[in-house]
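K.L.:
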DNA sequence: TCCATTTACGCAAACGTTTGCGGTGACGAT
DNA sequence: ATCGTCACCGCAAACGTTTGCGTAAATGGA
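Residue numbers (the working numbering), protein chains in the order written: chain A, 34 to 373; chain B, 34 to 373.
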């Protein structure tokens with residue numbers, strides 16, 4: 034029980050005026066005498082009055098609260114995005130209520146439901162890996178409820194969203210490997226039903242093609258879980274054979290790290306024999322041995338851009354479909370640079 | 034505008050009954066005919082009725098929302114705790130609204146304020162590094178508002194809190210170094226006004242004393258920022274001198290990693306010449322070279338325990354001061370084990 | 001002195017929900 | 001015909017706030 038928080042009524046009663054007067058006095062509305070205004074404000078100050086946001090929400094059908102749905106919180110990229118969202122929300126006077134789906138579709142659906150009943154003003158979503166049916170979002174959009182998607186785009190037409198340029202990121206990474214003299218690049222691909230995986234794969238393909246190199250389908254290994262072990266298993270198998278690639282481009286840093294581990298274990302030197310490039314620029318990527326080349330994604334910026342777009346929708350009442358694409362940046366480190 | 038969400042009133046109007054009847058029918062209260070009950074429930078289902086949580090909050094002075102205040106979101110340990118909080122809240126039907134202070138006192142105070150006006154039912158707090166005045170929490174506690182502190186304890190008597198056994202963690206770490214034959218252990222200490230830093234320092238001291246080794250005050254270097262660079266700077270200076278320690282125990286993994294970097298740069302081999310142990314078991318600690326010995330903190334468990342304690346306070350209305358201490362676990366890896 | 005205007009405030013409804021209390025009608029018993 | 005007993009339902013208030021409208025007193029002008 035939140036005992037003792039002063040309300041407008043309390044102030045009104047104490048001053049023998051009506052709640053309306055107090056409300057108007059506090060907000061400097063016209064039609065209130067200087068004297069009353071001062072008395073009200075002084076007492077409000079003294080009682081440490083804070084408006085009850087819940088009552089305001091109910092009254093105004095606006096909660097100044099945004100919902101955020103992410104697959105995981107313990108995740109360098111997503112936590113960075115969340116941080117950006119937090120900041121953006123704060124400066125605009127919004128609160129953030131947070132949910133993680135743990136990559137589970139059912140939880141995602143449920144969370145959307147509870148958030149809606151919490152009367153959030155808008156939703157920021159990066160959907161789960163399992164999600165193939167997007168009707169729980171579609172329903173809301175059809176009702177004109179504002180949702181901004183980030184990083185992972187749903188299969189819905191005409192949404193407002195923010196992504197990074199996964200295609201170019203991948204392209205740059207692979208082109209960089211080729212420039213370094215690597216010719217046979219293995220791709221550790223992400224979950225198939227994620228657009229980002231698709232895009233990164235396309236970038237990989239295009240870079241090879243542009244360099245006149247063949248695209249071998251057996252050089253594309255799906256690593257849907259994105260764990261270190263998964264990629265390690267695949268790589269140690271593949272690099273013990275005779276038909277070995279001479280480089281690895283992984284769809285995420287974890288997989289890349291797994292590849293490095295596997296290569297180390299096999300006694301294959303990185304980057305001399307095999308070059309490795311990851312994706313995301315996770316914290317650890319600069320700290321492992323050798324420091325890993327990777328593609329940086331502007332997570333914080335993605336978060337703040339997403340909030341901006343969402344607030345724009347909320348405040349204008351319009352939902353103008355756009356997809357904002359943030360640039361990636363290749364961070365060249367030792368793992369992909371052959372000593373000259 | 035959240036257009037078209039059906040309300041109890043809508044159902045009532047459509048069925049020509051009163052809102053009260055609808056409310057009772059939906060909740061299976063007695064005194065409603067089977068027929069009416071069914072009609073109400075069917076229509077509610079059809080209209081996809083969801084109770085308006087805001088109205089409920091206002092009516093019941095209970096929001097089923099918890100506030101969480103952390104210094105940073107992009108932080109392996111804190112994001113793990115947040116994850117635990119999330120889960121705990123979810124299974125108990127609570128929402129979580131999240132704020133990061135960025136280690137700034139002023140923001141902390143402000144956040145507490147806005148959360149209170151959002152009518153949260155309780156607060157979970159790990160205070161900022163800057164915070165020395167805890168009156169913004171004290172005020173609430175005095176009013177019987179439930180707060181559970183985690184990881185970083187405020188200087189307030191009789192709180193409910195969850196911490197890890199920083200003392201023992203540090204003790205174990207240093208004892209381990211000594212057992213490995215290291216004799217002159219440097220301590221990279223955390224921010225002085227954090228209890229955790231104090232505790233870890235005490236553990237360090239005690240372990241040295243118990244082993245009959247001297248505690249040299251000049252072997253205790255404060256690293257208040259906890260960045261890689263900070264520790265790197267200190268260590269490269271210290272280890273270029275002649276009076277060199279032969280081991281490093283850092284108050285956090287980042288600092289330890291900085292030490293390793295500095296040592297590598299100086300051509301000093303880890304662990305052969307100098308052993309290094311960190312604190313927290315951040316993700317990267319197992320992946321750097323050499324894999325780093327560190328002290329694991331049960332972040333997720335801390336989060337879920339903190340929620341449990343908070344909900345207990347909320348639901349019982351009682352605030353029984355306790356400090357729950359979770360065990361740490363030394364994770365021995367290469368960085369501290371001399372080859373035999 | 002009287003009317004018109006302004007100043008300063010209160011009433012009441014509304015947001016969506018819950019709940020104590022009261023009321024209506026049907027029915028059986030007397 | 002009267003009464004009591006149910007089963008079923010509605011009224012109204014309440015949570016804290018805002019706001020259109022109404023109204024009293026005070027002021028101004030003639």
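Even glycine gets a Cβ: it sits at the ideal position worked out from N, Cα and C.
Could you tell me the alpha carbon to alpha carbon distance between residue 69/B and residue 58/B, rounded to whole angstroms?
P.N.:
Answer to the nearest angstrom: the Cα atoms are 7 angstroms apart.
K.L.:
Could you give the distance in angstroms between the alpha-carbon of residue 354/A and the alpha-carbon of residue 94/B?
P.N.:
Those two C-alpha atoms are separated by around 39 angstroms.
K.L.:
So if I threshold CB-CB distances at 8 angstroms, which residues from the stretch 346-357 of chain B count as touching chain A?
P.N.:
Against chain A - using a Cβ distance shorter than 8 angstroms - the residues of the stretch 346-357 of chain B are 350.
K.L.:
Can you give the Cα-Cα distance for residue 96/B and residue 80/B, rounded to whole angstroms?
P.N.:
Distance between the alpha carbons of residue 96/B and residue 80/B is about 24 angstroms.
K.L.:
Near residue 174/A, which residues of its chain fall below 8 angstroms by C-beta distance, leaving aside the five closest residues on each side in sequence?
P.N.:
Around residue 174/A: 180, 189, 192, 352.
K.L.:
Does residue 201/B have its Cβ less than 7 angstroms from a Cβ in chain A?
P.N.:
Not an interface residue.
K.L.:
Just how far apart, CA to CA, sit residue 262/A and residue 287/B?
P.N.:
Approximately 24 angstroms between the Cα atoms of the pair.
K.L.:
How many Å lie between residue 104/A and residue 133/A at the Cα?
P.N.:
If you take the alpha carbons of residue 104/A and residue 133/A, they lie about 5 angstroms apart.
K.L.:
Hey, does residue 152/B have any beta-carbon neighbour from chain A nearer than 7 angstroms?
P.N.:
At least one chain A Cβ lies under 7 angstroms of residue 152/B.
K.L.:
Unbroken alpha helix (DSSP H) runs of length 4 or more, entirely within the stretch 111-148 of chain A: which are they?
P.N.:
Here no run is fully enclosed.
K.L.:
Fully enclosed by the stretch 203-290 of chain B, which alpha helix (DSSP H) runs are 4 residues long or longer?
P.N.:
Taking only runs of at least 4 residues, the alpha helix (DSSP H) segments lying wholly in the stretch 203-290 of chain B are 228-243, 261-273.
K.L.:
Going along chain B, which residues have a C-beta under 9 angstroms from residue 84/A?
P.N.:
Residues of chain B passing the Cβ test: 150.
K.L.:
Compile a chain-ordered list of the residues in the stretch 86-98 of chain A whose CB is closer than 7 angstroms to at least one CB of chain B.
P.N.:
Listed by position, the residues of the stretch 86-98 of chain A near chain B (Cβ gap below 7 angstroms) are 86, 87, 88, 90, 91, 94, 96.
K.L.:
Indicate whether at least one CB of chain A lies closer than 7 angstroms to the CB of residue 37/B.
P.N.:
Answer yes: the Cβ-Cβ gap between residue 37/B and chain A drops below 7 angstroms somewhere.
K.L.:
Look at the alpha carbon of residue 315/B and the alpha carbon of residue 109/B, and state the distance between them as a whole number of angstroms.
P.N.:
Approximately 6 angstroms between the Cα atoms of the pair.
K.L.:
Are the stretch 207-225 of chain A and the stretch 40-48 of chain B touching, with three or more C-beta to C-beta distances below 8 angstroms?
P.N.:
The stretch 207-225 of chain A vs the stretch 40-48 of chain B: no contact.
K.L.:
Specify, as a first and last residue, the run of the beta strand (DSSP E) that residue 54/A falls within.
P.N.:
Element bounds for residue 54/A: not the beta strand (DSSP E) but the alpha helix (DSSP H), 52-59.
K.L.:
Output needed for residue 117/B: all residues of its chain with C-beta closer than 7 angstroms, excluding positions within five of it in sequence on either side, in chain order.
P.N.:
Cβ within range, chain order: 332, 333, 334, 335, 336, 337.
K.L.:
May I ask which residues mark the beginning and end of the beta strand (DSSP E) holding residue 181/A?
P.N.:
Residue 181/A -> beta strand (DSSP E) spans 180-183.
K.L.:
Express the C-alpha separation of residue 185/B and residue 264/B in angstroms, rounding to a whole number.
P.N.:
Going by the C-alpha atoms only, they are around 22 angstroms apart.
K.L.:
Is residue 132/B a contact residue of the ligand SAM, with contact defined as CB to any heavy atom under 6 angstroms?
P.N.:
Because no ligand of any kind appears in the structure shown, any question about the ligand SAM cannot be addressed here.
K.L.:
Closer than 6 angstroms by C-beta to residue 34/B: which residues in its own chain qualify, once you throw out the five before and the five after it? Chain order, please.
P.N.:
Low local confidence applies: a pLDDT of 39 at residue 34/B is under 50, so the model's placement there is unreliable, and no value is given.
K.L.:
Which chain A residues are close to residue 130/B, counting only those with a beta carbon under 8 angstroms from its beta carbon?
P.N.:
Neighbours of residue 130/B on chain A, chain order: 98, 128, 129, 130, 131.
K.L.:
For residue 334/B, would you say it is in contact with chain A, using Cβ-to-Cβ distances shorter than 7 angstroms as the test?
P.N.:
Taking Cβ atoms only, chain A never reaches closer than 7 angstroms to residue 334/B, which makes this a no.
K.L.:
Verify the CB distance criterion: does residue 193/B have a CB-CB separation below 7 angstroms to chain A?
P.N.:
Chain A contact via Cβ: absent.
K.L.:
Go to residue 349/B, then tell me how far its alpha helix (DSSP H) extends in each direction, as first and last residue.
P.N.:
Its alpha helix (DSSP H) spans residues 332-349.
K.L.:
Since residue 357/B is in the alpha helix (DSSP H), which residue starts that stretch and which ends it?
P.N.:
Counting along the chain, residue 357/B falls outside any alpha helix (DSSP H), though it belongs to the beta strand (DSSP E) covering 355-359.
K.L.:
Expressed to the nearest angstrom, what Euclidean distance is found between the alpha-carbon atoms of residue 22/B and residue 89/A?
P.N.:
No statement about residue 22/B is possible, as the shown extent of chain B runs from 34 to 373 and does not include it.
K.L.:
Measuring straight from C-alpha to C-alpha, what distance separates residue 82/A and residue 125/B?
P.N.:
So the two alpha carbons sit approximately 31 angstroms from each other.
K.L.:
Secondary structure at residue 43/A, three-state DSSP: helix, strand or coil?
P.N.:
DSSP places residue 43/A in helix when its eight states are reduced to three.
K.L.:
In the DSSP assignment, what are the bridge partners of residue 308/A?
P.N.:
Its beta-bridge partners are 280/A.
K.L.:
Roughly how many angstroms lie between the CA atoms of residue 233/A and residue 317/B, to the nearest whole one?
P.N.:
Roughly 24 angstroms between the two C-alpha positions.
K.L.:
List the residues of chain B that residue 119/A touches, going by C-beta distances under 8 angstroms, in chain order.
P.N.:
Correct list: 106, 131, 132, 133.
K.L.:
Would you kindly work out how many angstroms separate the C-alpha atoms of residue 371/A and residue 183/A, rounded to a whole number?
P.N.:
Approximately 36 angstroms between the Cα atoms of the pair.
K.L.:
So for residue 103/A, helix, strand or coil by DSSP?
P.N.:
Strand at residue 103/A.
K.L.:
Within the same chain, show all residues whose beta-carbon is closer than 7 angstroms to that of residue 235/B, passing over the 5 residues directly before and after it, in chain order.
P.N.:
Excluding sequence neighbours, residue 235/B sits near 200.
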